[in-house]
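Data block below; observations after.
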Amino acid sequence: MLRLLWLFFLFLLCYYLVTAVSGLFKSSTHRPPPAKSPEGEVMVRDPHCGTFVPRSLALKKVIKGQTYYFCSQRCLESFDPADASDTSQG
1 MLRLLWLFFL FLLCYYLVTA VSGLFKSSTH RPPPAKSPEG EVMVRDPHCG
51 TFVPRSLALK KVIKGQTYYF CSQRCLESFD PADASDTSQG
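Sequential numbering from 1 applies to the sequence shown in the UniProt record's numbering.
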(Lines of atoms letter the chains of each structure in order from A and count residues from 1; the text may use other names and numbers.)
(Lines give C-alpha, C1' and ligand atoms only; values in the text may rest on other atoms or scores of the structure.)
Protein backbone atom coordinates (compact mmCIF):
# COMPACT_ATOMS: atom_id res chain seq x y z
CA MET A 1 0.00 0.00 0.00
CA LEU A 2 2.81 2.42 0.85
CA ARG A 3 4.50 1.57 -2.41
CA LEU A 4 1.32 2.47 -4.30
CA LEU A 5 1.04 5.83 -2.50
CA TRP A 6 4.72 6.50 -3.16
CA LEU A 7 4.24 5.81 -6.89
CA PHE A 8 1.15 8.02 -6.97
CA PHE A 9 2.99 10.99 -5.41
CA LEU A 10 5.97 10.39 -7.69
CA PHE A 11 3.63 10.44 -10.69
CA LEU A 12 2.04 13.70 -9.49
CA LEU A 13 5.44 15.29 -9.00
CA CYS A 14 6.54 14.31 -12.52
CA TYR A 15 3.25 15.54 -13.98
CA TYR A 16 3.56 18.97 -12.33
CA LEU A 17 7.19 19.30 -13.39
CA VAL A 18 6.38 18.48 -17.02
CA THR A 19 3.42 20.89 -17.15
CA ALA A 20 5.43 23.66 -15.50
CA VAL A 21 8.34 23.29 -17.92
CA SER A 22 6.07 23.07 -20.98
CA GLY A 23 4.14 26.13 -19.74
CA LEU A 24 7.33 28.16 -19.73
CA PHE A 25 7.87 27.48 -23.43
CA LYS A 26 4.25 28.03 -24.45
CA SER A 27 3.86 31.37 -22.70
CA SER A 28 6.93 32.82 -24.39
CA THR A 29 5.48 32.31 -27.89
CA HIS A 30 2.17 34.09 -27.25
CA ARG A 31 1.92 37.85 -27.55
CA PRO A 32 -0.54 39.95 -25.61
CA PRO A 33 -3.29 41.53 -27.72
CA PRO A 34 -2.50 45.01 -28.99
CA ALA A 35 -3.76 47.85 -26.84
CA LYS A 36 -6.71 49.76 -28.25
CA SER A 37 -7.92 53.19 -27.39
CA PRO A 38 -11.18 53.39 -25.40
CA GLU A 39 -13.06 55.02 -28.26
CA GLY A 40 -12.17 52.26 -30.76
CA GLU A 41 -10.09 52.31 -33.90
CA VAL A 42 -10.36 54.71 -36.83
CA MET A 43 -11.66 53.08 -40.00
CA VAL A 44 -10.56 54.26 -43.45
CA ARG A 45 -12.05 53.49 -46.86
CA ASP A 46 -10.07 51.87 -49.65
CA PRO A 47 -10.54 54.19 -52.67
CA HIS A 48 -10.20 51.31 -55.13
CA CYS A 49 -12.71 48.76 -53.83
CA GLY A 50 -14.57 50.75 -51.15
CA THR A 51 -13.75 48.37 -48.29
CA PHE A 52 -13.39 49.87 -44.81
CA VAL A 53 -10.26 48.81 -42.90
CA PRO A 54 -8.76 49.79 -39.54
CA ARG A 55 -6.16 52.48 -40.17
CA SER A 56 -3.50 50.51 -38.27
CA LEU A 57 -3.89 47.55 -40.68
CA ALA A 58 -4.29 49.53 -43.91
CA LEU A 59 -1.53 49.99 -46.47
CA LYS A 60 -0.73 53.67 -46.90
CA LYS A 61 0.41 55.52 -50.01
CA VAL A 62 0.90 59.26 -50.49
CA ILE A 63 0.25 60.52 -54.03
CA LYS A 64 0.76 64.24 -54.79
CA GLY A 65 0.41 65.13 -51.11
CA GLN A 66 -2.82 63.15 -50.67
CA THR A 67 -2.77 60.09 -48.38
CA TYR A 68 -4.67 57.00 -49.54
CA TYR A 69 -5.31 53.85 -47.47
CA PHE A 70 -5.75 50.41 -49.03
CA CYS A 71 -7.05 47.05 -47.80
CA SER A 72 -4.52 44.98 -49.79
CA GLN A 73 -1.42 45.15 -51.94
CA ARG A 74 -3.55 44.25 -54.95
CA CYS A 75 -5.80 47.30 -54.48
CA LEU A 76 -2.79 49.55 -53.89
CA GLU A 77 -1.12 48.43 -57.12
CA SER A 78 -4.25 48.65 -59.29
CA PHE A 79 -5.39 52.06 -57.96
CA ASP A 80 -5.49 54.97 -60.42
CA PRO A 81 -5.53 58.33 -58.61
CA ALA A 82 -7.20 59.98 -61.61
CA ASP A 83 -10.33 57.88 -60.95
CA ALA A 84 -10.49 58.71 -57.23
CA SER A 85 -13.25 60.92 -55.90
CA ASP A 86 -12.76 63.24 -52.92
CA THR A 87 -15.08 61.13 -50.73
CA SER A 88 -13.06 57.92 -51.09
CA GLN A 89 -9.81 59.31 -49.70
CA GLY A 90 -8.74 58.45 -46.12
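All C-beta atoms in this analysis are idealised placements derived from N, C-alpha and C, irrespective of residue type, glycine included.
So the candidates are TYR15, SER72, ILE63; which of them puts its Cα closest to the Cα of ASP83? Ranking the options by Cα distance to ASP83, first place goes to ILE63.
Can you tell me whether PRO81 is helix, strand or coil according to DSSP? In the structure shown, PRO81 sits in a helix (DSSP, three-state: H, G or I).
Can you check DSSP and say which residues form a bridge with VAL53? Answer is VAL44, bridged to VAL53.
Where do the N-terminal and C-terminal ends of the beta strand (DSSP E) with LYS61 fall, by residue? That run of the beta strand (DSSP E) goes 59-63.
What does GLN66 pair with, by DSSP beta-bridge criteria? Beta-bridge pairing links GLN66 to ILE63.
For LYS60, collect the residues of the same chain with a Cβ closer than 7 Å to its Cβ; drop the 5 residues on either side in sequence, then sort them by chain order. THR67, TYR69.
Please work out which residues of its chain come closer than 7 Å, Cβ to Cβ, to LEU5, disregarding the five sequence neighbours upstream and downstream, and give them in chain order. Closer than 7 Å at the Cβ level, and outside the excluded window around LEU5, lies no residue.
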